[in-house]
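Residues 238 to 567 (our numbering) make up the sequence shown, in order.
Each residue gets a CB set at the ideal place from its N, CA and C atoms; glycine is no exception.
No experiment lies behind these values; they were computed from the predicted model shown.
Reviewing the structure listed below.
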Amino acid sequence: MEERNNYFYKKKCLIIGGLGFIGSNLARKLSALGAFVVIMDSLIPDCGGNFFNIEDIKEKVDVYVSDVREQHTLVSLIKGQDFLFNLAGRSSHLDSMDNPFVDLDINCHAQLSILETCRHQNPDIKIVFTSTRQIYGRPEYLPVDEKHPLRPVDINGINKMAAELYHILYNNAYHIRASALRLTNTYGPGMRIRDARQTFLGLWIRLIVENKTFEVWDGRQLRDFTYVDDVVDAILLTAKNVRSCGQIFNLGGMENIHLKDLAELLVRINGRGDYTVLPCPEERRKIDIGDYYADIHHINNVLQWEPKVPLREGLEKTLSYYHNNLKYYI
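Structural data, given as structure tokens:
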């Protein structure tokens, strides 16, 4: 049911990457709030777009299948929008090392093109850009706050860092209202589970649902995880609050957990399953960041955001979803 007394009622919202994991959950929430939602997604196989992600709202949103590098489509879709939720990009760290120029093209050059289109076609638009904690690299201290040095350990992190800085530059130099959220290990219904391109947890979930053994590499790494509903809430708070303009915010989870303990928790919740602990492969070890969990005081102070979904509850919802819908994601 449309909620007529909320900020997004009848607002025009463009979600680039809206058939993907986070984008589709955002589209669902905005649609429920009565917004006019337009989705642009390339459906590049390696990037996570999936029409089933919007199966329940497909009559309520407009979808354009187009690559973010298509300038003509960008111009036509950005005109007249109140909000741009920029979730476009490649997320695979290994792919970025294997194909650095493709990653540069999508995660950096295309981002500049989006901003230039906004500057010339719709300078009043508000942009929320989803960045990544990967740009910090290997932490010098924990928890990691926004003042931590930025030292990405892979091509993907470097390009995402550049894209984030472009957004803040356009906010400061051209008054294109933009904010960035540094995400960490987002999980939930709709996440990519065919492989580990978005997150290793997706692959774990696929294998445990298929009753297959999954691999835990090392297992001593300490991480935090954010349920997708909490991420969507943070995106919407950032979009509607004027205090967010030009700001960069960390997102994080309610608790920190070693990866081996996460594997144990996943098996217990599922009621069955098995895993094996192996050394981290050489190609992964080169770009692994070790322990990481976020300091979220900044977004809490400015926007009063904090995660609400405990890890166990989020994993229960995620496992239930894939037990019922596995065939649409493999």
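CA-to-CA distance, residue j to residue i, given in whole angstroms
| i | j | result |
| --- | --- | --- |
| Lys397 | Pro337 | 12 angstroms |
| Trp542 | His534 | 9 angstroms |
| Thr513 | Leu444 | 12 angstroms |
| His309 | Gln358 | 12 angstroms |
| Glu252 | Tyr301 | It is Ile, not Glu, that sits at residue 252 in the sequence shown. Each residue's alpha carbon lies about 10 angstroms from the other. |
| Thr555 | Tyr424 | 8 angstroms |
| Lys311 | Ile526 | Before going on, a small fix: residue 311 reads as Leu here, not Lys. Taking the straight line from one Cα to the other gives about 35 angstroms. |
| Asn393 | Ser481 | 25 angstroms |
| Ile472 | Val504 | 31 angstroms |
| Pro544 | Ile506 | 21 angstroms |
| Lys247 | Leu496 | 43 angstroms |
| Phe288 | Thr369 | 24 angstroms |
| Met238 | Asn561 | At Met238, the pLDDT of 43 sits below 50, so the modelled position is not reliable; the number obtained from the coordinates is stated separately. Computed Cα separation, rounded: 25 angstroms. |
| Gly271 | Tyr244 | 10 angstroms |
| Ile430 | Arg265 | 20 angstroms |
| Ile395 | Leu420 | 15 angstroms |
| Gln458 | Asp532 | 17 angstroms |
| Lys363 | Gly374 | 29 angstroms |
| Val468 | Tyr529 | 18 angstroms |
| Val275 | Pro389 | 33 angstroms |
| Gly285 | Leu256 | 8 angstroms |
Residue i versus the options, residue with shortest Cα-Cα distance
| i | options | result |
| --- | --- | --- |
| Asp319 | Ser481, Tyr301 and Cys355 | Cys355 |
| Ala417 | Leu324, Ser557 and Asp511 | Leu324 |
| Thr436 | His412, Thr450 and Tyr464 | Tyr464 |
| Leu515 | Asp455, Val539 and Leu474 | Asp455 |
| Leu331 | Val365, Glu520 and Tyr559 | Glu520 |
| Val298 | Ser313, Phe273, Asn290 and Gly427 | Phe273 |
| Tyr411 | Gly427, Glu353 and Ala399 | Glu353 |
| Val400 | Asp340, Leu440 and Pro380 | Inspection of the sequence shows that residue 400 is occupied by Ala rather than by Val. That would be Asp340, whose Cα lies nearest to the Cα of Ala400. |
| Met277 | Ser268, Leu321 and Asp293 | Leu321 |
Per-residue burial, residue i [other beta carbons within 10 Å of its own, 16 or more giving buried]
| i | result |
| --- | --- |
| Asn409 | exposed |
| Glu447 | exposed |
| Glu296 | exposed |
| Thr367 | buried |
| Lys564 | exposed |
| Val479 | exposed |
| His404 | buried |
| Gly508 | exposed |
| Leu438 | buried |
| Ser557 | exposed |
| Gly317 | exposed |
- Query: In chain order, which continuous runs of the beta strand (DSSP E) of length 3 or greater are located wholly inside the region 347-409?
  - Reply: Fully enclosed beta strand (DSSP E) runs of 3 or longer: 363-369.
Worksheet item: Which runs of the beta strand (DSSP E) fall wholly inside the region 239-315 and span at least 3 residues, in chain order?
Response: 249-253, 273-278 and 298-302
| request: Enumerate, from N- to C-terminal direction, the unbroken beta strand (DSSP E) stretches of 3 or more residues contained entirely within the region 456-513. | output: The beta strand (DSSP E) runs of length 3 or more contained entirely in the region 456-513 are, from start to end of the chain, 459-461, 485-487 and 493-495.
| said: So within the region 411-455, which uninterrupted beta strand (DSSP E) runs reach at least 3 residues, ignoring any that extend past its ends? | reply: 415-420 and 451-454
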